[in-house]
Amino acid sequence: MVSTRLLCLLSAKVAGSSKTLARAGCSVCFRRHVSSSPSRLQSCMSAWVIDQYGTNGVLRYTEDITIPTVSSPSEVMIKVHAASLNPLDISMRGGYGAKLLKLRRDPMSVMDSDSEFPLILGRDVSGVVVDCGSEVTHFAPGDEVWAAVPPWKQGCLAEFVTLTEYEVSHKPELLSHTEAASIPYVASTALSALVNAGGLCRDSSSDKRVLITGGSGGVGTFSIQLLKAWGAHVTVTCSQNAEGLVRGLGADEVVDYTTGDVAEQLEMMEKFDLILDNVGGDTEQWAMGLLKPWSGAKYITLVTPLLLNTDSMGLLDGTIHAGFTLHTKAIQNIISSGVFYRWGFYAPDGPALDEVRKLVDAGKILPVVEAQFPFTQVPQAFQKLEQGHARGKTVVRVAEKDDTQAEELAQNICTDTAESELGVQGEESQYDSEGAASPVAYLVLEHLSGSCRTKPPAELRL
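Given below as structure tokens:
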């Protein structure tokens, strides 16, 4: 059976084809100073900001933030329709990485004490281009786009955000803005770790065994789908109540870390070619022995001490200490077992998101949205994410009234059909009606019902 959500969006796109926005192709985007552009009609925008580091109480809503205009020939200005939160946003709210990120924003800041506040958080954006620089070649006003906002830039919990052309990609046609906003940052992080640090790609993964620790979060759920699309064998660690989700996304084997010693359970399996660690802590102490020795196996961790060190020791000492830690562990592991120990980091990459878009539109990667909140409830969205044990992403609907016609039609088409097929009609959400995604609006329940890995219509396959 074809995914209900996929069919709904396809039908909606056909029904709403008269509203399809023009694409720029590869023509040069000339800036046209037209008064109808939102950025021309107002000088300030609404946003959620922080004026100091701290807990959830430091979040402040304002309508007096200056709109970020296009200031270089390669920049693109985006009207934000939806944004999603990442654990990094919680950490940055508390001051994580403040010194290094401030230096990355402005290399001259090391010479002064200028404040980085007010600071806008939010790392995933889906929206519409409203302006672009004179040298932009792949986008034009009106294009629907998605992007991962680098941590050293102002975030997207605001009406507008400005990024370079190379950080932006056209949004998958089959996804709403809410769904699209759940993917870019985790996709960019996972691709950087698996490809740049791990050396995997579509043509080299078919015979690889990969272990993902903490597989039910944003990076984990994306990595499962990407690796399965590439033909890898994927084992995941998660809690028992997330097993249905990760198996639905394609995981071959699932180990419940709450039922006994997870290391003992994994030691009974064939050894792995690559481990992607989303958990940190003492994971590497017991996981290194799970890799195939002297075979080029790699251990990639996304939990590194670099920013913590620069925060506590200063920029120079912290960077040197982190580099020494990485060098020491890498040498020890290559000498003892031939295993490569590496750190993985987010890297902005619009062209990589172009490839992800193809997989999404082919039905090989699905959005996993755990909860959504209106723009008025950003603090509640942070509170939800802080509860931990994520099952996908938490999304904020920034411009609800500007949802595309396709999404409105899809919602109407899907509601009765999906509820009937999944047997959840009348089921109450875990969250309140203002702050939660409808259980049938996203594919998570389809994963749990066992119908998620169905093939898309022939015309949508790669």
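In mature numbering (1 follows the signal peptide of the UniProt record, and there is no 0), the protein residues as written are -22 to -1, 1 to 440.
Where a beta carbon is used, it is the ideal one built from N, C-alpha and C, also for glycine.
For residue i, write down the residues that DSSP places opposite it in a beta bridge.
i, result
"residue 105", "58, 123"
"residue 22", "44"
"residue 110", "54"
"residue 95", "DSSP lists no partner for residue 95."
"residue 39", "26"
"residue 252", "188, 276"
"residue 245", "Per DSSP, none; premise fails for residue 245."
"residue 231", "213"
Out of curiosity, what's the CA-to-CA distance linking residue i and residue j?
i, j, result
"residue 266", "residue 317", "8 Å"
"residue 82", "residue 304", "21 Å"
"residue 201", "residue 255", "11 Å"
"residue 74", "residue 289", "7 Å"
"residue 119", "residue 370", "31 Å"
"residue 63", "residue 329", "22 Å"
"residue 126", "residue 233", "31 Å"
"residue 156", "residue 343", "15 Å"
"residue 110", "residue 57", "12 Å"
"residue 355", "residue 326", "28 Å"
"residue 79", "residue 69", "12 Å"
"residue 195", "residue 153", "20 Å"
"residue 148", "residue 331", "8 Å"
"residue 333", "residue 279", "24 Å"
"residue 85", "residue 284", "18 Å"
"residue 23", "residue 138", "7 Å"
"residue 352", "residue 264", "42 Å"
"residue 321", "residue 282", "7 Å"
"residue 226", "residue 206", "12 Å"
"residue 190", "residue 168", "11 Å"
"residue 213", "residue 174", "21 Å"
"residue 29", "residue 251", "45 Å"
"residue 220", "residue 113", "46 Å"
"residue 105", "residue 224", "28 Å"
"residue 259", "residue 315", "21 Å"
"residue 313", "residue 249", "19 Å"
"residue 150", "residue 339", "6 Å"
"residue 163", "residue 128", "9 Å"
"residue 236", "residue 72", "29 Å"
For residue i, count neighbouring C-beta atoms within 10 Å of its own C-beta (all shown protein chains included) and say buried if the count is 16 or more, exposed if not.
i, result
"residue 272", "exposed"
"residue 336", "exposed"
"residue 412", "In this predicted model, residue 412 has a pLDDT of only 36, less than 50, meaning its place in the structure is not dependable; the value taken from the coordinates is given anyway. The residue in question, residue 412, is exposed, as its Cβ has fewer than 16 Cβ neighbours within 10 Å."
"residue 39", "exposed"
"residue 296", "buried"
"residue 95", "exposed"
"residue 67", "buried"
"residue 49", "exposed"
"residue 418", "Since pLDDT at residue 418 reaches only 27, below the 50 mark, its modelled position is unreliable, and the value read off the structure follows with that caveat. Per the 10 Å Cβ criterion, buried."
"residue 183", "buried"
"residue 44", "exposed"
"residue 216", "buried"
"residue 166", "buried"
"residue 209", "exposed"
"residue 311", "buried"
"residue 34", "exposed"
"residue 3", "For residue 3, the pLDDT reaches just 39, beneath the cut-off of 50, and the residue's location in the model is therefore unreliable, leaving the point undetermined."
"residue 247", "exposed"
"residue 10", "Unreliable placement is indicated for residue 10, whose pLDDT of 38 sits below 50; the coordinate value is still reported in the next sentence. The residue in question, residue 10, is exposed, as its Cβ has fewer than 16 Cβ neighbours within 10 Å."
"residue 98", "buried"
"residue 143", "buried"
"residue 309", "exposed"
Under DSSP, the beta strand (DSSP E) around residue i begins and ends at which residues?
i, result
"residue 278", "276 to 279"
"residue 349", "347 to 352"
"residue 161", "It is not in any beta strand (DSSP E) - residue 161 carries neither H nor E in the DSSP assignment."
"residue 147", "146 to 148"
"residue 189", "187 to 191"
"residue 115", "Where residue 115 is concerned, there is no enclosing beta strand (DSSP E), given that its DSSP letter is neither H nor E."
"residue 371", "371 to 375"
"residue 237", "No beta strand (DSSP E) holds residue 237; DSSP gives it neither H nor E."
"residue 142", "138 to 142"
"residue 318", "318 to 321"
"residue 260", "Element bounds for residue 260: n/a, residue is neither H nor E."
Just curious, the alpha helix (DSSP H) that residue i is in, first and last residue?
i, result
"residue 68", "65 to 71"
"residue 315", "293 to 315"
"residue 268", "Residue 268 -> no alpha helix (DSSP H), and no H or E assigned at all."
"residue 331", "328 to 339"
"residue 79", "76 to 83"
"residue 363", "356 to 364"
Would you say the beta carbon of residue i is closer than 6 Å to some non-hydrogen atom of the ligand SAM?
i, result
"residue 297", "As presented, the structure is devoid of all ligands, the ligand SAM included, so that no description of it is given."
With 7 Å as the threshold, decide whether the Cβ of residue i is near any Cβ in chain D.
i, result
"residue 361", "Considering every chain present, this structure includes no chain D. It has just one protein chain."
Let me know the beta strand (DSSP E) ranges lying completely inside the segment 176 to 224, each 3 residues or longer, listed in chain order. 187 to 191, 211 to 216
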